[in-house]
Amino acid sequence: MSNSKRIYLSSPHMCGLEEQFIREAFNSNWIAPLGPNVDAFEKEITELVGVKAAVALSSGTAAIHMALKYLGIRRGDVVFCSSLTFAASCNPIIYEGATPVFIDSEPESWNMSPKALLKAFIDCKKEGKLPKAVIVVNLYGQSADVDGLREICEIFKVPIIEDAAESLGATYKGICSGTLGRFGIYSFNGNKIITTSGGGMLVSNDEDAIDKIRFWATQARDEARHYQHSELGYNYRISNVLAGIGRGQLIVLKERICQKKKIFNDYQKAFNDIEEIEMIPICGYGDPNYWLSAITVKEESNVKPIDIILALDKENIESRPIWKPMHIQPYYQKYRFYSHNDGEASIAEDIFNRGVCLPSDTKMTDEEINKVISIIKQLFN
Ligand SMILES: Cc1ncc(COP(=O)(O)O)c(C=O)c1O
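Written as structure tokens, this is what we have:
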């Protein structure tokens with residue numbers, strides 16, 4: 001292993017302004033899972049993405065859980081979810097005792113395939129058991145091609161939960177990622193484009209829904225002098241200290257997107273002449289936030305994704321395989337899966353088998369980006 005400074009996939013990048021909000025929390029002794037930073041963070045997100053209401057939570061996972069609970073998902077219900085994602089997208093389906101059905105990616109965007117979605121709907125309709133929700137994931141910072149998916153969901157009258165954990169700041173046809181479904185969720189986990197160390201946000205234009213979820217997520221305390229509970233509660237709020245970090249981070253979100261885009265463009269330019277490497281496709285319908293720069297290596301190449309990961313690792317550089325699709329995860333493989341192409345290997349598996357997420361850390365210097373590029377180029381020479 002090299003002794004040089006580690007280059008990360010995507011690590012927290014503080015701008016310094018966070019400290020002012022944290023200091024305010026300390027000075028006012030608002031060290032609690034609510035407070036002025038939490039309220040302001042919610043308001044700032046609603047203004048940024050153009051949505052009526054938001055509730056700040058302890059994680060993106062909690063946000064998905066609360067959206068499912070609000071939509072009445074319970075034991076025996078079916079929920080559709082993108083297969084090519086992180087397990088947190090679908091784990092809350094299991095929390096509520098429901099059954100996930102996984103939907104393949106389309107090759108154009110790597111996100112949910114409308115073709116596979118329609119097949120799943122048709123089968124479920126025949127069986128007399130439509131899903132109660134569809135969780136559409138925006139992978140690596142790029143929105144799914146939502147119009148086609150929404151059209152299908154509208155035919156069957158099933159709401160979309162947009163998992164925009166990775167795509168805060170991205171747009172789809174000019175509209176902000178996370179605001180295209182009935183609910184949208186963001187994650188502020190340490191590796192995301194902005195972070196609160198850990199945290200999440202649920203957004204919706206349905207203000208009553210957000211109010212109800214805020215109540216559940218704050219331990220479902222009835223209005224009474226004593227502790228009284230008429231419903232099951234959750235301890236899912238974010239702390240006022242962490243929301244302060246989020247407020248500072250929001251100020252530099254645009255800057256972070258520009259930095260991520262530059263990293264992507266540098267890779268794209270550098271690998272342009274390597275026939276065996278393809279960048280994650282960028283679709284013309286919107287602007288991604290370029291959270292992670294991912295590539296695929298052509299099947300016939302002698303260089304495999306693992307060779308790239310190991311060569312970078314040897315130089316103390318972090319990279320990562322593409323998310324392993326949910327339908328081939330040991331825990332989830334017993335659930336149904338609908339593929340994009342009939343009778344062929346799924347698109348999600350193909351991307352997983354041939355893909356790598358490259359270092360996309362906004363703190364990388366040009367020299368460090370060039371180092372990553374030159375290590376990869378050497379493998380293909
Ligand atoms: C696609 C996706 N969904 C959900 C989550 C869950 O977010 P959190 O880690 O904030 O619970 C993440 C990231 O962690 C994610 O990448």
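Counting from 1, one number per residue, gives the positions in the sequence shown under the UniProt record's numbering. Just so you know, even glycine gets a beta-carbon here, dropped at the ideal spot from N, CA and C.
For ligand 1, any of its heavy atoms closer than 6 angstroms to the Cβ of Thr61?
In the sequence shown, residue 61 corresponds to position 61, counting from 1. Yes, ligand 1 has a heavy atom inside 6 angstroms of this Cβ.
Nonlocal neighbours in the same chain, by C-beta distance under 8 angstroms from Asp307, ignoring five residues either side:
Here residue 307 is taken as the residue at index 307 of the sequence shown, counted from 1. Within the same chain, Asp307 has close Cβ partners Leu379.
Spatial neighbours of Ser11 within its chain, please: C-beta separation below 8 angstroms, excluding the five flanking residues on both sides.
Here the question's residue 11 lines up with position 11 in the sequence shown. Contacts found: Gly190, Asn191, Asp361 and Lys363.
Assuming Met279 is part of the beta strand (DSSP E), what are its boundary residues?
The residue given as residue 279 occupies position 279 in the sequence shown. From DSSP, the beta strand (DSSP E) with Met279 extends over Ile277 to Met279.
Evaluate Tyr227 with the Cβ neighbour count: other Cβ atoms within 10 Å of its Cβ, from every protein chain shown; 16 or more gives buried, anything less gives exposed.
Reading the sequence shown from its first residue, position 227 is the one you call residue 227. Exposed, by the Cβ-count rule.
Roughly how many angstroms separate the alpha carbons of Gln142 and Arg225, rounded to a whole number?
The sequence position of residue 142 within the sequence shown is 142, counting from 1. The sequence position of residue 225 within the sequence shown is 225, counting from 1. Their backbone Cα atoms lie some 47 angstroms apart in a straight line.
Beta carbon of Val51, beta carbon of Asn205: below 7 angstroms?
Within the sequence shown, numbered from 1, the residue matching residue 51 stands at position 51. Within the sequence shown, numbered from 1, the residue matching residue 205 stands at position 205. The answer is yes: Cβ separation under 7 angstroms.
Compare the beta carbon distance of Cys124 and Pro100 with 7 angstroms and say whether it is the shorter of the two.
Counting from one through the sequence shown, the residue named residue 124 turns up at place 124. Counting from one through the sequence shown, the residue named residue 100 turns up at place 100. In this structure, Pro100 does not lie closer than 7 angstroms to Cys124 by Cβ.
Contact under 7 angstroms by Cβ, Gly184 with Val203
Translated into the one-based positions of the sequence shown, residue 184 becomes position 184. Translated into the one-based positions of the sequence shown, residue 203 becomes position 203. Yes, Cβ-Cβ distance for Gly184 and Val203 is below 7 angstroms.
If you check the beta carbons only, do Ser177 and Ala164 fall under 7 angstroms apart?
Position 177 of the sequence shown, counted from the first residue, corresponds to residue 177. Position 164 of the sequence shown, counted from the first residue, corresponds to residue 164. Their beta carbons are under 7 angstroms apart, which means Ser177 touches Ala164 by this criterion.
Cut-off 7 angstroms between Cβ atoms - residues of its own chain near Cys235, not counting five sequence neighbours on either side
Along the sequence shown, one-based indexing puts residue 235 at 235. The identity of residue 235 in the sequence shown is Asn, whereas the question assumes Cys. Excluding sequence neighbours, Asn235 sits near Gln219.
Beta carbon of Ser89, beta carbon of Ile135: below 7 angstroms?
Taking the first residue of the sequence shown as position 1, residue 89 is located at position 89. Taking the first residue of the sequence shown as position 1, residue 135 is located at position 135. Yes, they are a contact pair.
Based on Cα-Cα distance, which residue from Tyr335, Ile238 and Gly174 lies nearest to Ala40?
Residue mapping note: residue 40 aligns to position 40 of the sequence shown, counting from 1. Considering only alpha carbons, the answer is Ile238.
For Thr179, is the beta carbon positioned less than 6 angstroms from some heavy atom of ligand 1?
Along the sequence shown, one-based indexing puts residue 179 at 179. Thr179: no, Cβ never under 6 angstroms from ligand 1.
Whole-angstrom C-beta distance between Leu139 and Thr195, which should lie under 8 angstroms
Along the sequence shown, one-based indexing puts residue 195 at 195. Along the sequence shown, one-based indexing puts residue 139 at 139. Rounded, the Cβ-Cβ distance is 19 angstroms, inconsistent with contact.
What number of angstroms, rounded off, separates the C-alpha of Leu358 from the C-alpha of Val297?
Position 358 of the sequence shown, counted from the start, is the residue given in the question as residue 358. Position 297 of the sequence shown, counted from the start, is the residue given in the question as residue 297. Distance between the alpha carbons of Leu358 and Val297 is about 12 angstroms.
Determine which residues share a DSSP beta bridge with Arg237 and list them.
Counted from its first residue, the sequence shown places residue 237 at position 237. The partner list for Arg237 (beta bridge, DSSP) reads Leu57.
What do you get for Phe26, buried or exposed, if any count of 16 or more other CB atoms within 10 angstroms of its CB means buried?
The residue labelled residue 26 in the question sits at position 26 within the sequence shown. Exposed: under 16 other Cβ atoms inside 10 Å.
Quick one: grab the DSSP three-state call for Arg23.
Counting from 1 along the sequence shown, the entry for residue 23 is found at position 23. Looking at Arg23 - three-state DSSP - the assignment turns out to be helix.
Please state whether the Cβ-Cβ distance between Tyr338 and Lys5 is less than 7 angstroms.
Indexing the sequence shown from 1 puts residue 338 at position 338. Indexing the sequence shown from 1 puts residue 5 at position 5. Cβ atoms of Tyr338 and Lys5: not closer than 7 angstroms.
Per-residue DSSP class, three states only, for Tyr227
Position 227 of the sequence shown, counted from the start, is the residue given in the question as residue 227. If DSSP states are grouped into helix, strand and coil, Tyr227 belongs with coil.
On the premise that Glu18 lies in contact with Gly244, defined as a C-beta separation below 8 angstroms, what is that separation, rounded to the nearest angstrom?
Working through the sequence shown from its first residue, we reach residue 244 at position 244. Working through the sequence shown from its first residue, we reach residue 18 at position 18. The pair is a contact, with the Cβ atoms about 7 angstroms apart (cut-off 8 angstroms).
Nearest CA to the CA of Ala144: which residue from Tyr172, Lys132 and Glu154?
One-based indexing of the sequence shown puts residue 144 at position 144. The option with the nearest alpha carbon to Ala144 is Tyr172.
Helix, strand or coil: which one does DSSP assign to Thr179?
For the purposes of this step, residue 179 is identified with residue 179 of the sequence shown, where counting begins at 1. Three-state result, Thr179: coil.
What's the C-alpha gap between Lys371 and Glu299?
Along the sequence shown, read from residue 1 onward, the residue named residue 371 stands at position 371. Along the sequence shown, read from residue 1 onward, the residue named residue 299 stands at position 299. Each residue's alpha carbon lies about 25 angstroms from the other.
Which same chain residues end up closer than 6 angstroms to Arg256 when comparing Cβ atoms and leaving out the 5 residues on each side of it in sequence?
Residue numbering aside, residue 256 sits at position 256 when the sequence shown is read from its first letter. Contacts found: Ile193 and Thr362.
Where does the unbroken beta strand (DSSP E) through Val356 begin, and where does it stop?
Position 356 of the sequence shown, counting from 1, holds the residue named residue 356. Start and end: Gly355 to Leu358.
Are the beta-carbon atoms of Ile347 and Ser105 separated by less than 7 angstroms?
As a first step, residue 347 is located in the sequence shown; it is residue number 347 there, counting from the start. As a first step, residue 105 is located in the sequence shown; it is residue number 105 there, counting from the start. Yes.
Quick check: the Cα distance between Ile73 and Ala98, rounded to an integer number of angstroms?
As a first step, residue 73 must be located in the sequence shown, where it is residue number 73. As a first step, residue 98 must be located in the sequence shown, where it is residue number 98. Their Cα atoms are separated by approximately 7 angstroms.
Exposure of Pro325, with buried meaning 16 or more beta-carbon neighbours within 10 Å
Position 325 of the sequence shown, counted from the start, is the residue given in the question as residue 325. Flag for Pro325 reads buried.
Backbone CA spacing between His65 and Asn3 [nearest angstrom]
Taking the first residue of the sequence shown as position 1, residue 65 is located at position 65. Taking the first residue of the sequence shown as position 1, residue 3 is located at position 3. Roughly 42 angstroms between the two C-alpha positions.
Can you give, in chain order, each stretch of the beta strand (DSSP E) that sits fully within the region 279 to 363 and has at least 3 residues?
293 to 297 and 355 to 358
Exposed or buried, Leu57, counting other C-beta atoms within 10 Å across all chains shown (16 or more means buried)?
Residue numbering aside, residue 57 sits at position 57 when the sequence shown is read from its first letter. When all chains shown are included, Leu57 counts as buried.
Are the Cβ atoms of Gly148 and Pro92 separated by less than 7 angstroms?
Reading the sequence shown from its first residue, position 148 is the one you call residue 148. Reading the sequence shown from its first residue, position 92 is the one you call residue 92. No, Cβ-Cβ distance for Gly148 and Pro92 is not below 7 angstroms.
Roughly how many angstroms separate the alpha carbons of Asp313 and Glu276, rounded to a whole number?
As a first step, residue 313 must be located in the sequence shown, where it is residue number 313. As a first step, residue 276 must be located in the sequence shown, where it is residue number 276. Using only the alpha carbons, I get a separation of about 21 angstroms.
Contact under 7 angstroms by Cβ, Gly128 with Phe188
On the sequence shown, position 128 is the one that residue 128 refers to. On the sequence shown, position 188 is the one that residue 188 refers to. No, the pair does not count as a contact, with Cβ atoms beyond the cut-off.
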